[in-house]
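Have a look at the structure below before the remarks.
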Amino acid sequence: MAPFAGWCAALDEVPDEVFAGRLLGDGLAIDPTDGVVLAPCDGEIINVPASAHAVSIRTPHGFELLIHVGIDTVRLGGRGFDARVKPGARVKMGDELIRFDLDLVARAAKSLMTPIVVTSEGAVLKNWRAPGAIRAGEVLFLIDGAAVRPGSSLPQPAAQSAMRAQQAAVIALAHGLHARPAALLARRAKGVGTSITLGAHGRTTDARSVVGIMALGVRCGDELLIQADGEGAQQAVAQIMAGLEEAQRIDLAHTSAPANAAANVPAKAPMTERAARSGEMAGIGASPGFAVGRATRIERREIEVTETGSGALHEKTELDRARSNVRLRLERVRNAGGAERQDIIGAHLEFLDDPTLNESADELIARGKSAGFAWRAATRRSIAALEALDDSRLRERADDLLDVEAHVLLALAGEARPMHLPLPEHAILLADDLLPSELTALDRRRLAAIALSGGGATSHVAILAAAMEIPMLIGVGQSLRGVPDGRTIIVDADNGTLQYEPTTEAVARAKLNVEARLARSAALRSAAARDCQSLDGTRIEVFANLGSAADAIAAVENGAEGCGLLRTEFLFIDRATAPPEDEQLAAYQSIANALGGRPMILRMMDVGGDKPLQYLPLPAESNPALGMRGVRTALAHPALMRAQLRAAMRVRPFGVVRLLIPMVTDLSEILAVRGVIDSLTAELKLEARILLGAMIETPAAALTAAALLREVDFLSIGSNDLTQYTLAMDRGHTELARRTDALHPAVLQMVAATGRAGKAAGKLVAVCGGVAADPTAVPILLGLGVRELSVVPTAIPALKRKISALRIADCEDLAQRCLTLSSAAEVRDLVERLAGNAGD
Ligand code: PEP
Ligand code: MG
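Residue numbers (my numbering): 557 to 1396.
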C-alpha cells in the first residue's frame, strides 16, 4: 500500500539514475503531500539509517522493500526526520515508520520524489497502481514470486542469524573511493566476521576486496550502499561507516596540507601542460622541477608464463609460496621507507591478498591453468575493470596491479624483482611507463628526472617521484621513443616540456638554472640543518632512524643531528651466513662516515619475533613475539653478540657510537651485556667506556626504568613494540592496525614513567618508534620529558619546524590532560581541538 498520500509516478520520473535505472530494484515513486511514512505492508524493520531518511522492511515472505524519502536527503544528516521505529521492530501495515518535516525537506532536498522499491531478487510485481493522485493505504502493487536473498554468491552467515543491516552514505572524499580509502574499508571489512556488500552505480562487491571497491567507480557525491548480513550486521555496517569517516579525515588532512607533495600532484599536473615548440616535446608535469642530463632508456621485459599447469594442488602451492615471498619482500621495503612509500607498498600488499583477485586466480588454477597464467589473467581482469572506469585516479591504480603482477610472476620463476638497476650519472630516465617498484629500485642520487610517454599524473609512481623530489614529465607520447640513448636533454616539469636537441648554450643555461634551484632548496633546508630547539629554547635532538649508509646521506641532507636508531639487523638480513666482525665494522664505519661525526646509536641485532634471520634459525615458537627476541637472542648466542659489539666498539672516532640494547625486560640483561662490553673495553684498550642505552619496549622496562638507569646512560623508547606489548595487540595485525595506537593513554603512562625516571637520574630519554614522527604525538612526548626524537629521514624538516613552535610548559599541561583520558581517539581529539583553537 502507499505509505503516504501524494502523486504516484513511475520510477523513471525519479531524478536519480540509481532509482530511475531500477538499479536497486523495481517499484513506484510517490511525490508526498504529507510527512508521515506508514508501513506499506506487514513485516520486520531491517534498517533505518541514523539520518532517518529511509527505511527498509522485510515482508513475512522474505521480500525486502526500501522507502527512500526524497533524493539526496542523506545529506540532511537527519535534519527534519524523526524515526518512529528501530531495526528489528515488527510492524503491521499502516504503522507509523518515519515522520518528516515536509517543508524543510522540500526546501533542502534535490527532490521529494520517494521511491518505494522491492530490493529482493526474484520478486514479480503485479497490479500496478496507475500514475496519479493516491491516498495513504491505497494499493501500490502486489509482490509475487520467490524471494532470493541478494549477495547469495558471498559467504553466507548461519541461517539462525539471518539479520541484515544496510545504510547508504554519500561519499564526500574529494577523489571518491580510490585506492587508499578502498584499502582502508577492505581492512575494516576483513576485521568483522560478517559478510559486507558495498553497492553503487548498480554494481556490488564484497567489501573485503580493494579491487572490487575501486571498480565500483564511486566518486565524490555518489551514494554508497552498505549491506551486511548475519549476527553483528549492524556493527559491520558501523565499521564501514567509521572507515569512511576515517578516510574523510585523512582526505581532509591531505587536501589541506600544502606541504604534502603527494597531495599536490593531481592539482598541479594539468596546469603544466602546454604546446611544444620546435626541438621540444610537450608533456604533463607530474612532479615539479627542472633537470638537465643524459637520456637513459629502460625497457620492461615481458615475463613469460605457460598456460597449462601441472596439477591444481602444485600450482596453488606455488602461487601461495610466491605470494608469501613477495609479501616478505614488500614488507621489508615498506618498513625501510618514508611515509609515501609505506602507503604505496601498503596498497600493494592489499592487492597481493585481495580476495577477488585470489579467488579468480584459484578458479583458473582449478580449471587446469598454471599459477603464473592464473595470476596474470586474474590481475589483467581486475585491470580491465579499472581501466573501463571513467575516473583517471582509479584507472591509474592499474599500474599498481601490474607491479604486483610482475612481483608474483618473477617470484614464481624463482627470481626477485631487482631492487637496484644501474644508472649513469645525471640520468634522465625515459620509458613508456614506470612501476613504483621500478622507481624505488633506482639510485636516487644518479636520477635527475623522469619522462614517460604514458603514465598518469596521480599514479603512485608520480606520488613517489614527488616524495623523492624527482622532476617527472608524463604523457609525452610515442615520439619519446625517438630520443637516442645517451643524448643530453632538458626536462622542465614545471612547464611541461622536454628539449630533445638543445643547443650548447641552452644546456649551459639549463645547468646554471639547476644550480640556482639547488642553491634555493639548500637555503630552505638550511633551516632544518640548524640544531633544533623548542620556542622557549629547550634543546630537542632530532635524529634519524637508519638502515644503511644511503639512508645516512639522505638523513644528513634532511637535517638529522645524528642517528637515533641504527637497525643493524637490516644490514645483514639477506644472507645465509653471519657477517664476520670486519665486515660489520666496514658497514658501521661507512654509516658513521656518512654521518660526519654526528652521534650514531647502534642497536644490537634485534632478531627474532617479526625479524627472522636466515643464518640464525630460531626454534619454532608458539608465540614468537613473546619468545626469543632482542637481547634474549643475543645472550643466547654469545659469539654473535661479541662479534657485533667488538665491531661497533672499533668504529672511529671512538665516542660517535653509542650502543643500544633492544627488548630489555630487566636489569640482569643489561648487566650481562655490560660484562661483555667491559671485557672488550680492556681487550681493545679503549680509553673510555662506550655509552650504553636500553630500549624501553616492554611495560616491564618502562615501569622499572629507574632501576635500569643505574646501569645505562640513556633510554630510548621503542614505541612500536611498547604499544604492542602494552595493548596486547600484534603490531603487524592488519585488522588491529588502527587500534594499535601509541597515543593510547596506557602507552602514554609508560612514556610518562620513563620520562620521570630519566628526569630524576638526569639522563636523556628518547623516542625512536614510529610515534616520534606523528605530529599529534610530538607535544605530548615532549611534555612527558622526551628530549630526543628519532624518525625516518624525510620526516625531519617538518618535525623540526613543529618543535620550534612548541613551548615545553604548554606541552606539559597537554600531556597531563592526555594521561587522564581513556582512549587514543580521545587523546587525538583533544590535541586536534586545542590545535584548532590555537589556529595551528
Ligand atoms: C620499536 O619497537 O619502536 C622500535 C623502534 O624497534 P623496531 O621497530 O625495530 O622493533
Ligand atoms: Mg622494537
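Virtual Cβ for every residue (Gly too), placed ideally from N, Cα, C.
Since the structure is predicted, the reported quantities are computational estimates derived from the model, not experimental observations.
Going by C-alpha to C-alpha distance, which of Arg744, Gly1183, Gly758 and Gly1318 sits closest to valine 766? Arg744
Which of helix, strand or coil does DSSP assign to isoleucine 727? The answer is coil: DSSP assigns isoleucine 727 none of H, G, I, E or B.
Could you have a look at arginine 1185 and say whether DSSP puts it in helix, strand or coil? Arginine 1185 carries a coil assignment under DSSP once its states are collapsed to helix, strand and coil.
So, for alanine 1108: in the same chain, excluding its five sequence neighbours on each side, which residues have a beta-carbon less than 6 angstroms away from its beta-carbon? Leu1102, Ile1147, Ala1150 and Leu1151
My output table needs one value for cysteine 1374: the three-state DSSP class, helix, strand or coil. helix
Taking 7 angstroms as the cut-off, is the beta-carbon of glycine 1274 closer than that to any non-hydrogen atom of ligand 2? yes
In whole angstroms, what is the alpha-carbon distance linking glycine 1341 and valine 1303? Distance between the alpha carbons of glycine 1341 and valine 1303: 14 angstroms.
Could you compute how far the alpha carbon of cysteine 1367 sits from the alpha carbon of alanine 1322? 16 angstroms
Below 8 angstroms on the Cβ atoms is my contact criterion, and I expect leucine 986 with valine 1017 to pass it. Report the Cβ-Cβ distance as a whole number of Å. With 8 angstroms as the limit, leucine 986 and valine 1017 do not qualify as a contact, their Cβ atoms being about 14 angstroms apart.
Nearest neighbour of arginine 853, chosen from Asp700, Thr864 and Val1039 [CA to CA]: Val1039
Leaving out five residues on either side along the sequence, give the residues of the same chain with a beta carbon under 6 angstroms from the beta carbon of glycine 1031. Excluding residues within five positions, the ones whose Cβ falls inside 6 angstroms are Gly839 and Ile840.
Note down the Cα distance separating phenylalanine 1210 from valine 1112, rounded to an integer number of angstroms. 20 angstroms
Between leucine 1121 and ligand 1, is the CB less than 7 angstroms from at least one heavy atom? Flag set: Cβ of leucine 1121 near ligand 1.
Quick test of your reading: aspartate 785 and threonine 761, contact by CB under 8 angstroms. State the CB separation rounded to the nearest angstrom. That belief does not hold up - the Cβ atoms of aspartate 785 and threonine 761 are roughly 15 angstroms apart, past 8 angstroms.
Range of the contiguous beta strand (DSSP E) that encloses alanine 566: 562–566
Using only alpha-carbon positions, find the residue among Leu800, Val593, Leu632 and Pro992 that is nearest to lysine 738. Note that residue 738 corresponds to alanine in the displayed sequence, not to lysine. It is Leu800 whose Cα lies nearest to the Cα of alanine 738.
For asparagine 603, I'd like the list of residues in its chain whose CB is within less than 6 angstroms of its CB, leaving aside the five on either flank, ordered along the chain. Ser612, Pro643, Ala721 and Gln722
Ordered along the chain, which non-local residues of its own chain (more than five positions away) have a Cβ less than 6 angstroms from that of threonine 1332? Only Arg1384 and Val1387 meet the Cβ criterion.
Check for me: the alpha helix (DSSP H) holding asparagine 1276 runs from which residue to which? From DSSP, the alpha helix (DSSP H) with asparagine 1276 extends over 1275–1283.
Compare the C-alpha of leucine 1248 against each of Leu594, Leu1264 and Arg1363 and name the closest. Leu1264
Between the segment 927–943 and the segment 775–794, do at least 3 Cβ pairs fall closer than 8 angstroms? No, because fewer than three Cβ pairs between the segment 927–943 and the segment 775–794 fall closer than 8 angstroms, the two stretches do not touch.
Please give me, in chain order, every unbroken run of the beta strand (DSSP E) with length at least 3 that falls completely inside the segment 924–1004. 983–987
With respect to the beta strand (DSSP E) encompassing phenylalanine 637, which residues constitute its N-terminal and C-terminal limits? Per DSSP, the continuous beta strand (DSSP E) segment holding phenylalanine 637 begins and ends at 637–639.
Can you find a heavy atom of ligand 1 that lies under 7 angstroms from the Cβ of aspartate 1107? no
From which residue to which residue does the alpha helix (DSSP H) around valine 1163 run? Neither: valine 1163 is in no alpha helix (DSSP H) and is coded neither H nor E.
Tell me whether asparagine 1253, by its Cβ, gets closer than 7 angstroms to a heavy atom of ligand 2. Sequence check: residue 1253 is glutamate here, not asparagine. Yes; taking the cut-off as 7 angstroms, the Cβ of glutamate 1253 has a heavy atom of ligand 2 nearer than that.
Report yes if the C-beta of aspartate 1286 is less than 7 angstroms from at least one heavy atom of ligand 2; otherwise report no. Taking the Cβ of aspartate 1286 as the reference point, every heavy atom of ligand 2 lies at 7 angstroms or farther away.
Unbroken beta strand (DSSP E) run spanning isoleucine 854, endpoints: Element bounds for isoleucine 854: n/a, residue is neither H nor E.
Taking the alpha-carbon positions, what's the alanine 728 to alanine 1083 distance? Those two C-alpha atoms are separated by around 37 angstroms.
Give the single residue among His757, Val726 and Ala771 whose Cα lies nearest to the Cα of histidine 734. Ala771
Do threonine 1310 and alanine 1261 have their C-beta atoms within less than 8 angstroms of each other? yes
By the 10 Å Cβ neighbour count, where 16 or more other Cβ atoms means buried, how is alanine 1132 classified, buried or exposed? Exposed, by the Cβ-count rule.
Going straight from the alpha carbon of isoleucine 1217 to that of alanine 1195, what length do you get? Isoleucine 1217 and alanine 1195: Cα-Cα distance of roughly 16 angstroms.
Report the partner residues of aspartate 762 according to the DSSP bridge assignment. Partner(s): Thr753.
Out of Phe1270, Gly626, Asp1050 and Asp778, which one is the CA nearest neighbour of serine 1159? For the sequence presented, residue 1159 should be read as arginine rather than serine. Nearest C-alpha to arginine 1159: Phe1270.
Under a three-way DSSP split, which group does cysteine 1088 fall into? coil
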